[in-house]
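The sequence shown runs 843 to 984 under my numbering.
Idealized CB from N, CA, C, for every residue including glycine.
No experiment lies behind these values; they were computed from the predicted model shown.
One structure is given here, and the rest of the page talks about it.
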Amino acid sequence: MKIKTMLGVVATALIMAFGLLPMAAASASTSTATAPGATVTSTSATQGTKTDVAIRTTTTKTLGNAAVSRAGAGTAAATCYNGFVSGASFYMTCTSDANGYRVFLDCSNGLRYYFGTLYIGSWNHILTCPAGTAAVWGGWWL
């Protein structure tokens, strides 16, 4: 009788241990697999494709009305058009002079994401907010 009880305890312990290990591994992998932040994928007919992740953020509350601006400040380094929002992504086409420009994205979490890649020439941009947020609008900056 004692042997049956001990075998039952050992079997139960093994089932619980092996049953919990895959769940722990799955939760660990999902927490590190999706890093927070926004991404951009840009394509050019002459320069190929570039991808980038946000280099910094600011809260849109500190930006006031600039949170939904459709162009950057300062000199006219770029002209952007065909802008539209679909879910977590903002799409736009931009053409620049020789000085170039960088892009930004405003998301529903109240953050503006800035990207560091310098674009010169004509580019089609797809800027995507982090998971669980929606795109509000985007634009360019110097």
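Less than 8 Å separating the beta-carbons of residue i and residue j?
i	j	result
R898	Y956	yes
T937	T959	no
T885	N951	no
D948	W979	yes
T988	Y943	Since the first residue shown for the chain is 843 and the last is 984, residue 988 is missing from the structure and cannot be characterised.
R954	T900	yes
Going by DSSP, which residues form a beta bridge with residue i?
i	result
I968	T883, Y933
A977	C949
Alpha carbon to alpha carbon, how far is residue i from residue j?
i	j	result
A930	A973	8 Å
Q889	V882	16 Å
A887	S964	8 Å
F932	A977	6 Å
A919	G925	17 Å
T975	G981	18 Å
Does residue i come out as helix, strand or coil in the three-state DSSP assignment?
i	result
S871	Low confidence applies here, because S871 scores a pLDDT of 36, under 50, leaving its location unreliable; read the following figure in that light. Note: S871 maps to helix in three-state DSSP.
A919	coil
Ends of the beta strand (DSSP E) at residue i?
i	result
D939	Counting along the chain, D939 falls outside any beta strand (DSSP E), and DSSP gives it neither H nor E.
G958	G958 -> no beta strand (DSSP E), and no H or E assigned at all.
A896	890 to 901
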